[in-house]
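Whatever position you read off the sequence shown (first residue = 1), add 3 for our numbering.
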Amino acid sequence: MGDHTISEVHPLVNEPPSIAIDNQTCNDDSFSMTMTAIAEQQQKEDSFSSQILSLQHFPLPNYCRERRQSVSAESFNPDNTSTLHFTQYPKTSHQRARIDAAIANNFLFRSLDQDLRQHVVDTMAEKRIPNGTVVVQQGSIGDFYYIIEEGTFECYIEDQPDMDNAADGKSTAKVHHRHVASYGSGGSFGELALMYNAPRAATVVATSDAVVWVLDRVTFRSLLQESMARKRHMYDGFLAHIPIFQSLSLYGRHKIADALESVHFDDKDVVMHEGDSGHNFYLIEDGVALCYKKSSDGSLVQVNKLGKGDYFGELAMLYENPRAATVVADGILKCVTLNKGAFNRLLGPVIDVLQCNSKNYQDLNDA
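Listed below in structure tokens is the structure:
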């Protein structure tokens, strides 16, 4: 590829966030998932085939000259959503589907529930970008995540500059940029900016007139805040009425509520099979589950019936044992789950209770 003439960055990169928030701060460890994901993303980008480009005129955009090159993030109070105001932007069903498909496999959005993902789609704003625009500049502070509706973009990483010695004895730096990725319709870039305002790791340039959907960091993190507050409100009372959690503090229940994931099963759906390895602990939020064990002749025999507030699946979490029974939904069944990592991390204070109660499974094994 040849040299590029690249225009100054357009105003879309320094627009203010589309919401208003308060200034309260709190312990924000619900966002501590980032470092591993960042490393994985950087390794992925470094694996792209590269070529050296000689880019003589690659101006830094003015908006970042006075900004401090540090890694930080806003603090939010997950229990306070009274001052959050989100702007929603209309989209066609085709546009919504394209955005949803773009975020479906992105590490930042993969674990979001459907409602929260739809809120993310709603708050993304449309921006038009002329050909040649430097949308993201390596080393500048990032605030936005981009999904491409139309157009093409190229991604470069700046290598160490070469020093050219002129005849008059003066040395000039010749900057090289390594091409690492190309993006087209349905592609996305800049997601790490949603976590904190760290310097951008690469430069992204529009190579055609383009239309993108933009999400800013404050909106994204505030959507997570609102979701956490909603989950805490929804699940705190539920957890408080389950005997094994009654000894926990409000803070302890909040931490569990933040980690719960909602799952739904239709009538006769099998939640787990006897003998399978287990990776989730289940709490019944609503509905009925029937527990079965195989008899000597291979037929299934019902050994237990579970309802709202009951739990199952803890044996595999506690002892690495296979599932002790087959669990089937009797009608519509709504559960919340904890994966194994969250179970071990958050349920330490109630492990003894769970181990004492696990003797119930002995009855199943003897049935």
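C-beta atoms are modelled at their ideal positions from N, C-alpha and C, and glycine is treated no differently.
Verify the contact flag: residue i, CB atom, against every heavy atom of the ligand SAM, threshold strictly below 7 Å.
i      : result
Thr340 : The ligand SAM is absent from the structure shown, which contains no ligands of any kind.
Rounding to the nearest angstrom, what Cα-Cα distance links residue i and residue j in this structure?
i      : j      : result
Thr340 : Thr95  : 34 Å
Gly189 : Lys308 : 47 Å
Gly312 : Pro202 : 47 Å
Leu119 : Leu227 : 8 Å
Asn109 : Pro246 : 38 Å
Val12  : Cys158 : Reliability of the predicted coordinates at Val12 is poor, the pLDDT of 38 falling under 50, and the value obtained from them is presented with this limitation in mind. Near 15 Å, if we compare the C-alpha coordinates of Cys158 and Val12.
Leu111 : Asn200 : 15 Å
Ala292 : Val304 : 14 Å
Phe192 : Tyr148 : 6 Å
Glu153 : Gln117 : 25 Å
Gln72  : Pro352 : Low local confidence applies: a pLDDT of 43 at Gln72 is under 50, so the model's placement there is unreliable, and no value is given.
Val138 : Val123 : 21 Å
Pro93  : Ser225 : 20 Å
Thr136 : Val183 : 18 Å
Glu129 : Met198 : 21 Å
Arg131 : Gly142 : 23 Å
Gln91  : Ile144 : 25 Å
Phe248 : Gln98  : 44 Å
Val217 : Gly301 : 57 Å
Tyr322 : Asn342 : 15 Å
Gly5   : Ser185 : Residue placement at Gly5 is poorly supported in this model, since its pLDDT is 41, which falls under 50; the coordinates still yield a value, given next. Distance between the alpha carbons of Gly5 and Ser185 is about 16 Å.
Arg181 : Asp162 : 7 Å
Gly290 : Tyr314 : 12 Å
Gly344 : Ser298 : 33 Å
Cys294 : Val356 : 21 Å
His244 : Met127 : 39 Å
Leu115 : Met320 : 24 Å
His282 : Lys234 : 22 Å
His179 : Leu253 : 55 Å
Leu195 : Ala204 : 9 Å
Phe346 : Gln121 : 28 Å
Arg113 : Gln140 : 27 Å
Pro133 : Glu288 : 51 Å
Ile354 : Ser230 : 28 Å
Ala100 : Val215 : 14 Å
Lys296 : Val306 : 7 Å
Ser250 : Phe89  : 37 Å
So, are the CB atoms of residue i and residue j less than 8 Å apart?
i      : j      : result
Phe284 : Gly310 : no
Phe268 : Leu318 : no
Arg220 : Asp146 : yes
Ile151 : Ala213 : yes
Ala232 : Leu349 : no
Cys338 : Leu286 : yes
Thr222 : Gly187 : no
Roughly how far, in whole angstroms, is the beta-carbon of residue i from the beta-carbon of residue j, given that I think they are within contact range, below 8 Å?
i      : j      : result
Val274 : Ala332 : 6 Å
Asp272 : Gly334 : The pair is not a contact, with the Cβ atoms about 10 Å apart (cut-off 8 Å).
DSSP beta-bridge partners for residue i?
i      : result
Ala128 : Val217
Phe248 : DSSP lists no partner for Phe248.
Asn307 : Cys294
Ile150 : Ser191 and Trp216
Ala345 : None, per the DSSP bridge assignment.
Val137 : Val208
Ser265 : Val339
Phe284 : Leu341
Val273 : Val331
Pro202 : Ile144
Phe315 : Tyr285
Tyr186 : Phe156
> Does the region 311-330 come close enough to the region 270-285 to have 3 or more Cβ pairs within less than 8 Å?
Replying inline: yes
> How do the region 99-115 and the region 201-213 stand: do at least 3 beta-carbon pairs fall below 8 Å, yes or no?
Replying inline: no
>> Is it the case that the region 256-274 contacts the region 236-243, given that we only count it when at least three CB pairs across the two stretches are under 8 Å?
In response: yes
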